[in-house]
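Numbering (this note's numbering), first residue to last: 14 to 371.
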Amino acid sequence: MLVLGIESSCDETGVALYDTDNGLLAHRLYSQIELHAEYGGVVPELASRDHLRKLFPLLRELFAAAEVPFAQVDGVVYTSGPGLVGALMVGAAVGRALAWAWQVPALEVHHMEAHLLAPLMEAKQDQGEALDFPFVALLVSGGHTMLVKVSDFGEYELLGETLDDAAGEAFDKTAKLMGLPYPGGPALAALAADGQRDAFTLPRPMLNRPDLDFSFSGLKTKVRLVWESLEDPAAHKADLAASFEQAVVDTLVAKCRKAVRVAGARHLVVAGGVGANRHLRASLVRAGEREDFRALFPTPEFCTDNGAMIAHAGALRLAAMKAAGQLDSEAFKASPAHIDARARWPLDQLSAFQPSQS
Ligand code: KG4
Ligand code: ZN
């Protein structure tokens with residue numbers, strides 16, 4: 014089954030063609046980072062307009078790269094949440110319209126499910142290691158910090174999440190405080206490499222609690238107080254960045270170790286932009302070596318937001334529905350023009366499914 018996938022939940026426009034027999038045919042990605050840089054964060058209205066501006070040129074490029082005609086597409090899938098509602102509506106409207114024009118089924122994809130299943134796409138393409146269920150996924154991006162137990166396709170249990178800021182958000186806000194360019198995470202991480210990790214004593218939030226939740230706003234505030242108390246803060250930038258990064262990494266690693274134990278898992282998958290952080294990666298790999306689990310990281314292009322993971326997750330679901338005869342049902346055909354864009358969409362509302370091969 015050949016499926017077109019569209020991602021537009023935040024500041025990345027992604028499109029991809031995924032074939033359930035042959036894997037990923039092609040994908041294209043456009044990042045709006047420069048557009049939002051001068052505002053120091055994503056501006057929702059600008060994001061929506063830019064998705065609209067870039068989506069059709071990207072689709073044309075995609076079909077040219079994959080060398081397949083529109084007529085071969087068997088289904089269209091698009092991110093329906095969670096994300097920025099205006100941005101989601103662009104991808105949803107374009108996805109539904111194309112499906113209607115091509116007379117093929119359209120399906121909504123949960124952005125987080127797509128992140129969770131992305132490593133399976135790579136394993137299938139022999140680019141990654143095979144994964145065993147159950148595995149634990151740490152999703153750490155600018156908008157999310159969550160630990161999920163993945164027991165099977167569509168069987169997800171939220172083990173813990175942030176009660177306030179996401180890890181990436183804490184990186185970005187701390188970087189902004191230090192006058193680093195947006196998005197601050199990579200800039201702060203680069204600075205931290207030259208600093209001393211124990212130069213400042215910072216809290217490791219929530220580590221004394223038995224649950225698997227996170228909180229980063231207290232740490233962020235503590236860094237600000239330290240920064241404001243310094244006579245020449247610029248002179249201590251690298252040390253403060255390193256101490257902050259160490260506090261975040263210690264917290265994430267401790268909760269991941271606990272989550273893997275609780276879930277009885279052998280694999281830990283890390284997805285989302287913060288997963289690109291080298292110190293976090295190295296620390297998780299070391300923890301895994303000590304405690305007998307493998308920490309796996311999708312290649313960076315599939316770790317951050319992209320259209321390929323949406324096409325992949327949606328194609329697995331569509332093919333399963335087709336095999337079960339659900340695509341012919343009146344309920345599925347009845348609402349071709351209806352679009353949903355969800356700011357929130359709890360993962361445990363998804364149904365379980367068994368992927369079929371065609
Ligand atoms: O998954 P992602 O690309 O997209 C969204 O959240 O929409 O994640 C972006 C986040 C940003 O907060 C960015 O600062 C952070 O990931 N990030 C990093 C690093 N690279 C990206 N944080 C820490 N260290 C990095 N190397
Ligand atoms: Zn994402």
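All C-beta atoms, glycine included, are put in the ideal place defined by N, C-alpha and C.
| Query | Result |
| --- | --- |
| With 16 other Cβ atoms within 10 Å as the buried cut-off, status of ARG330 | buried |
| Collapsed DSSP secondary structure at THR26 in the structure displayed | strand |
| Proximity test, ASP185 beta-carbon vs the ligand ZN heavy atom, cut-off 8 Å | no |
| VAL98 beta carbon less than 9 Å from that of GLY327 | no |
| Under the three-state DSSP convention, the category ILE19 falls into | strand |
| Contact test: ARG9 Cβ vs the ligand KG4 heavy atom, cutoff 8 Å | This structure cannot speak to residue 9, because the chain is shown only from 14 to 371. |
| Classification of ARG109 by the beta-carbon crowding that lies within 10 angstroms, buried from 16 upward | buried |
| Local conformation of LEU38 per DSSP, three classes | strand |
| Whole beta strand (DSSP E) elements within the region 141-178, 3-residue minimum | 148-153, 158-165, 168-174 |
| Enclosing alpha helix (DSSP H) for GLU241 [first to last residue] | 230-242 |
| Best match in LEU42, LEU130, ASP226 for proximity to ALA78 [C-alpha to C-alpha] | LEU42 |
| For TYR195 and ASP207, the rounded distance between their alpha carbons | 20 Å |
| Where HIS280 falls: helix, strand or coil (DSSP) | strand |
| CB of ILE352 within 9 Å of CB of VAL90, strictly | no |
| Sufficient close CB pairs (3 or more, under 8 Å) joining the region 197-217 to the region 156-164 | no |
| Local conformation of LEU48 per DSSP, three classes | helix |
| Same chain only: Cβ atoms within 8 Å of ASP305, ignoring 5 sequence neighbours per side | ARG279 |
| Local conformation of GLY94 per DSSP, three classes | strand |
| Whole-angstrom distance between ASN319 and GLU25, CA atom to CA atom | 7 Å |
| Inter-residue CB distance, VAL28 and LEU75 (contact presumed, cutoff 8 Å) | 5 Å |
| CA nearest to the CA of GLN367, picked from LYS235, LYS189, LYS335 | LYS335 |
| Nearest candidate by alpha-carbon position, reference PRO216, set GLY197, LEU238, LEU15 | LEU238 |
| Check whether LYS233 and THR264 have beta carbons under 9 Å apart | no |
| Start-end ranges of the beta strand (DSSP E) lying completely within the region 60-95, minimum 3 residues | 88-94 |
| SER371 (DSSP reduced to helix, strand or coil) | Unreliable positioning characterises SER371 in this predicted model, as indicated by a pLDDT of 49, which lies under 50. The coordinate reading is nonetheless provided below. In this structure, SER371 counts as coil in the three-state DSSP scheme. |
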